[in-house]
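Student:
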Amino acid sequence: MSRQPELDRELLENIGNAAGNYERVYHGCSQSALKALQEHLKLGNGEAFKAASALAGGIARAGETCGAVLGSIMAISLVFGRERWEDTATSLPYQRAMELSIQLCNRVQAELGSTKCRSIQESIFGRHFDMREPDERDRFAEAGGYEKCPEVVKRVAIMAAEIILLGKIEA
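Note that the numbering used here has the sequence shown beginning at 7, numbered continuously upward.
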């Protein structure tokens, strides 16, 4: 039976702390997770960060897939994804990015109960907030959303970093 390699716990904690702090200060869970992963793992460029802008709040504040998950999948794809159309859906880069992104979704599902923003909110707050409505965003803030969601972003970014680092070792 093979042992799982030991990962740099300090690096993982730094990534998580950066992601959580970005969410707390700037908001935008997708960019917060992605930026922390980009900075600490030296991934991609500012274009990917910019592209993650409207993924926050579960895709344009719709409560769908958690923005931290989406930003983290973008980071996984920056490392393992295909670079050209000619790298077909059956190519190793495409398959590897997909496999590792599925691993992330499965871990988030197991640890947070869902990959959906609204469901994660329900588990934390007992309800979800319609982030498209200004008064609901105010209620989210009053309920401690900008203290509690950074913890979700932190956890997801750490999960993604573990998957990326282990994926590089296995490659």
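By construction, the Cβ of each residue, glycine as well, lies at the ideal position given by its N, Cα and C atoms. No experiment lies behind these values; they were computed from the predicted model shown.
Determine the closest residue to Gln101 out of Gly52, Phe86, Glu117, with distance taken between C-alpha atoms.
Tutor: To locate residue 101, count along the sequence shown from 1; it is residue 95. Per the Cα distances, Phe86.
Student: Just mark Val114 as buried or exposed, buried being the case when its beta carbon has 16 or more other beta carbons within 10 Å.
Tutor: Start at 1 with the first residue of the sequence shown, and residue 114 comes out as number 108. Buried, because 16 or more other Cβ atoms sit within 10 Å of the Cβ of Val114.
Student: For Lys122, does the three-state DSSP call read helix, strand or coil?
Tutor: Taking the first residue of the sequence shown as position 1, residue 122 is located at position 116. Of the three classes helix, strand and coil, the one that applies to Lys122 here is strand, per DSSP.
Student: Taking 8 Å as the limit between beta carbons, can you name the residues of its chain near Lys174, skipping five residues before and five after?
Tutor: As a first step, residue 174 must be located in the sequence shown, where it is residue number 168. Taken in chain order, the residues that qualify are Val85.
Student: Tell me the DSSP bridge mates of Gln71?
Tutor: By 1-based counting over the sequence shown, the position of residue 71 is 65. With the sequence shown as reference, residue 71 is identified as Thr, and Gln is not the correct amino acid for it. Thr71 pairs with Lys122.
Student: Given a threshold of 16 other Cβ atoms within 10 Å of its Cβ, counted over all protein chains shown, does Gly150 qualify as buried or as exposed?
Tutor: Sequence index remark: in the sequence shown, residue 150 carries index 144 (1-based). Exposed, by the Cβ-count rule.
Student: Return the chain-ordered list of same chain residues with a C-beta closer than 7 Å to the C-beta of Ala163, the five sequence neighbours on each side being excluded.
Tutor: What you label residue 163 is simply residue 157 of the sequence shown in a count that begins at 1. Only Ile21, Gly22, Ala25, Ala39, Ala42, Leu43, Ala74, Ser78 meet the Cβ criterion.
Student: Residues in its own chain within less than 7 Å of Glu128 by CB, not counting five upstream and five downstream?
Tutor: Translated into the one-based positions of the sequence shown, residue 128 becomes position 122. Result list for Glu128: His134, in chain order.
Student: Between Glu53 and Asp93, what straight-line distance do the alpha-carbon atoms span, to the nearest angstrom?
Tutor: Position 47 of the sequence shown holds residue 53. Position 87 of the sequence shown holds residue 93. If you draw a straight line from the Cα of Glu53 to the Cα of Asp93, it is about 21 Å long.
Student: Out of Gln37, Leu13, Ile108, Tyr28, which has the shortest C-alpha to C-alpha gap to Phe55?
Tutor: Here residue 55 refers to the residue found at position 49 when the sequence shown is read from its first residue. Cα-wise, what sits closest to Phe55 is Gln37.
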